[in-house]
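Each remark here refers to the structure printed beneath this line.
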Amino acid sequence: MKCHIPGPNVKVLGRTIHALARLGDELYLESLSDCILLRTLNAAESAYAMVKFNKNFFSYFNYNYYCTDDKEGLKCKISMKSALNTFKSPTHMDKQVENLEIKLDADSCKLIFVVKCKHGIVKTHFVSILDCKAMQAVYTKDLVPNRITSPHKILSEAIGNFQNSDDQLTIEAFSNSLIIRNYIDSKTDLTKVIRTQISIKPIEFDSYIIGEETTITFTLKEFRALLAFAEALSLPIQLHFEVTGKPAVFIVHNGSTFEAHFVLATSKPDIPTQETPTQNNSMIDRKRKEVDNTQGTVRKKAHLSIDLSKCLDEDSHLFNFIDIPEDGTEVEKENQTQKVWHTSKIDCDNIPPSPTSKMKLKTIFKRCFESTFDVRSIQGNVLAENSDSE
Amino acid sequence: MKARMDDGTSQYYFTASMDSGKTLCSLLKAIQFQESAVFCAMQEGLKLTVEEGKCVQASAYVPSDNFTEYHVRDDVDVIFKISIAVLTECLNIFGSAEESSLKMYYRCEGSPLLLVLQPQSFSNVMTDCEIATQTADSLLELRDEDTSEVAKLVLKAPAFLGLLADLEKSCDVMEMHLSPEHPNVSIVTYGMQDRSCIDMPKSSDMVQSFSCEEAVTLKYQLQHIRLIMKALAVSSKVVLRCSSNGLLLLQLKLEKEDQRQMFSEFYIVPLLDD
Amino acid sequence: MKFRAVMMDSSPMREFANIVSTISKLSKECILRLSSDQLYFIVSEENNGPAPPILWCEVPQALFFSEYQIVGVDDEHKDIYLGIISANLSKSLVTLKTAKSLKMKLTKKQCPCLTLEIDLPSITMQQSRLVTHDVPVIVIPRKLWTEFHEPRVPRPDISIELPSLKQLRTTIDRMKTMSPEVVLRASAEGRLTLQIKTDLAKVSTRFRDLRVEAFEGPIDHSDSESESQINEDVSRVCYCRVDAKKFSMFLSADNISHNRTICSIVHKKLVTLCLQTEENVKLQCFITGIVY
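Chains as they are written, first to last, in the numbering used here: chain P, 244 to 633; chain Y, 83 to 356; chain D, 490 to 781.
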């Protein structure tokens, strides 16, 4: 496989990698005759993402370059960390990157990312291929009764009302309102947790079709990742879901060059909403057993991906600070104002070494380290003999 | 304590004053990777030096024309050890957003360093600090007159900072390949299973000048190289010089609004193959 | 027991959010006492056993709420005392700055809660969304109410108006990295000095021309080794050594728009900081002096 991505699209790929990195630790790449697919799965196997880049996303596209068999494209798995290394700060890449080439080096079993930046700088990353297989998940996207298209801002603002400590989100979809609340399970100590609920009217969404009123619960962490992705690219989010237990599909696409699917497993909550009058029943609800989750469990996540984002944020801050100057007109000015320490003329590329103190620092034991040091040469009384004298 | 410079301080070993200590503070913070520094007031200017083990020596150098008043007695040596952490906290006592005037006094050997700061925005407040001083440790003598310079590279500081920020932090070693052949300058880092390489040809407009007679490969501890990043962030230009023994000297120039300059220098010892 | 209150104007909502945010920085837990004319936020030292409060904040409800109804347990006990995690309250009120209205009421969901209903405008501005937060609280039994009375402090030796809290905080934050304790010195001449002293350094920040509200001198310094400035009359100076972090935490109240802050010192024993706003909110913080 060999392909070229033009400058403006590199940022999109970078954002994609960052979003996928918040889900899983491994990235699967597959090149087909008309597109490239990136996929990942989280450790708990409760969240899956697939991003498809069509041929028109690339300025050059050859899906089976280097292969003798015409039908076979590339299928491989690389570490997510390696992928992130190439796309350290997507916002910065937008300004600096002219072109990105991705190609397979079959001999060394490495995937090579060649980033051509402005000012003639070229960054090359040789990424080891961990495995040569594809990964795929099965889910229903189109034949679902419930479909909502939402501007990314509505959902981002709604999620802003929840705490960082909230683990899971419950969405109750009614035909006349959408209620989002943090999920509380029977094990949570209710005296310690804030219960938050927000209700949004259907008119706020671009489109709102609820064929079957239902309640679904999924993890907030991956939801935040896909929201951040949509926000970074200023694109709306489509929610496609059916009954509880079946996975919910979130789609972000720009209608032409790429389409991203985020598939989150869902479960049914066992405590009713804050609005329902059936508060007396809640005691019974709590004693009920955990609902059987048919399509994957929603368990605690591994912490690895969280640490990755933190490292990235640190570097991104540093990177965003820089504004690489465009031209070299400053050089002439320096010639005139260059400081002259000694009276000789200094050219602008020569910074003379800083002056050193003329004085040699007195070290206390300096004499003892001199090779010619002779104990007998000390004048005066010796107050303390060597304790290991021969 | 009232402080006008000539009030009975003419016999002091060292006195200096500045309209604003802000730039000095940023420069000192850029070399603050250890608790203490050697403070040396010379006729030409002020120099503070920090060392990390036997591998890195960093100095901040402030030529005397950066000061409104600068006086060093020429019959004595003004050199002592001081906590650079405390010094920068004191210089920053009114916050980094505030321009504060600064006066420094060092009476004689063993005296504390006295600082007097007054913020420009508020007239009814001032701070005085007495910072303890100790006898200075000896500094590494890294410059070797017998070695020659094998390569020199001059870059804009923000550009070099951008390159360093892109290197994978978790890598231990940074390899630098310098050669008269294309691509001239390559920086390579190795990860667990991967390798990354940044090529910068001399034709790049990030490179202000480049000279190299023979191809050379040098290795440094990436953590040591990263120590210069804070200094790069406040500087305008950086000059890299490699000696034949592998010693790397980075000289950074910081230019203030009034066209005065301050400098920082980093000597980094290479990793040698066993 | 019943409590229901509604806030409609943006300025009180913003101030209320700032007050709660400051309190959450000062302490993890606090007592919210609701009475017919005031809300009180009370924080005690987190030690075992009863201790006088270290923070006492009064918010007159009339200037904040457009509706306010409270019914106590019985006629003799008209107030309601609630134990609450201040961080929970603060986090829930973050969106108050852009909200249209706030309703607070005492409810019983699975446990007693202070329920906050916030009406938020949406992007389209014609729609609004309702956010509900159920913040769990503990109802404090009547027999414990005596622990939460306004502390009686000895008459201070000096009361002096502080310079801007922001300015103080900037300096204290630098000082606290160098020393765990700071000495506050105030003189009847209107001078205030913050001073730290360690093996490595002695740093003094000196303010002058401050307004002295009251001075109950002269101060007896016969038992101390305090240094004196030249030309200073020590009988008109008093000081107190306090924990630098605690002092810095109080200074984070600078985001509450306020009229003035008075610092009162009982020589060597106690520092009281009292912040007052235009809406008559009074925030008092008591820092015990460190004595060797």
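Ideal Cβ placement from N, Cα and C applies to all residues, glycine included.
For residue i, the residue or residues it bridges with in DSSP
i	result
I452/P	R390/P
I793/D	Residue 793/D lies beyond the stretch modelled for chain D, which goes from 490 to 781, so this question has no answer here.
L272/P	L281/P, C319/P
H261/P	DSSP, once it has assigned bridges, lists no residue as partnering H261/P.
S462/D	In the structure as shown, chain D starts at 490 and stops at 781, and residue 462/D therefore has no counterpart that could be examined.
Q333/Y	V321/Y, E347/Y
F96/Y	V154/Y, Y188/Y
Backbone secondary structure at residue i - three-state DSSP
i	result
M490/D	coil
M124/Y	coil
L373/P	coil
D698/D	coil
I594/P	coil
I446/P	helix
Q550/D	helix
E768/D	coil
I779/D	coil
T596/D	strand
P240/Y	helix
G572/D	strand
L110/Y	helix
V255/P	helix
A503/P	strand
P625/D	strand
H259/Y	strand
M738/D	helix
M502/D	helix
D662/D	helix
T131/Y	strand
F612/P	With a pLDDT of 44 at F612/P, under the threshold of 50, the modelled position of that residue is not reliable, and the figure given next carries that caveat. The answer is helix: DSSP assigns F612/P an H, G or I state.
M293/P	strand
D743/D	helix
T509/P	coil
N425/P	strand
K396/P	helix
S278/Y	strand
S724/D	helix
N327/Y	coil
Short CB-CB distance (under 8 Å) between residue i and chain A
i	result
S597/P	No chain A is part of this structure, whose protein chains are labelled P, Y and D.
Burial state of residue i, where buried means 16 or more other Cβ atoms lie within 10 Å
i	result
H566/D	exposed
Q440/P	buried
K691/D	buried
Y349/Y	buried
E339/Y	exposed
T584/D	buried
M274/Y	exposed
V597/D	Position check: residue 597/D holds Lys in this sequence, whereas Val was assumed. Exposed, because fewer than 16 other Cβ atoms sit within 10 Å of the Cβ of K597/D.
L256/P	buried
E295/Y	exposed
H638/D	exposed
A468/P	buried
T511/D	buried
beta-carbon residue i near the ligand MG non-hydrogen atom, thresh 7 Å
i	result
A401/P	In the structure on display, the ligand MG does not appear, and there are no ligands present to speak of.
Should the region 741 to 757 of chain D be called in touch with the region 633 to 650 of chain D, which here means at least 3 C-beta pairs below 8 Å?
Touching, yes, given that three or more Cβ pairs across the two stretches are closer than 8 Å.
Going residue by residue through the region 458 to 500 of chain P, where are the continuous beta strand (DSSP E) segments of at least 3 residues, counting only ones entirely within it?
480 to 484, 491 to 496
Runs of 3 residues minimum, wholly inside the region 324 to 379 of chain P: which ones carry the beta strand (DSSP E) assignment?
340 to 348, 353 to 360, 365 to 371
Three CB pairs or more closer than 8 Å across the region 206 to 222 of chain Y and the region 291 to 303 of chain Y:
no
Count the CB pairs spanning the region 307 to 314 of chain Y and the region 337 to 352 of chain Y that are closer than 8 Å, and state whether there are at least three.
A contact between stretches requires three or more CB pairs, one per stretch, nearer than 8 Å, and the region 307 to 314 of chain Y meets this requirement with the region 337 to 352 of chain Y.
Any alpha helix (DSSP H) of 4 or more consecutive residues that is wholly inside the region 135 to 215 of chain Y
166 to 173
Does the region 274 to 288 of chain Y come close enough to the region 357 to 376 of chain P that 3 or more CB-CB pairs lie under 8 Å?
yes
For the region 727 to 738 of chain D and the region 662 to 676 of chain D, state whether three or more C-beta atom pairs, one from each stretch, are separated by less than 8 Å.
yes
Quick one: any contact between the region 574 to 592 of chain D and the region 500 to 517 of chain D, if contact means 3 or more CB pairs under 8 Å?
yes
Touching or not, the region 120 to 129 of chain Y and the region 144 to 154 of chain Y, by the rule of three or more beta carbon pairs under 8 Å?
yes
Taking one C-beta from the region 197 to 209 of chain Y and one from the region 168 to 175 of chain Y each time, how about it: are there three or more such pairs within less than 8 Å?
Touching, yes.
If you pair each beta-carbon of the region 427 to 439 of chain P with each one of the region 491 to 508 of chain P, do three or more pairs fall below 8 Å?
no
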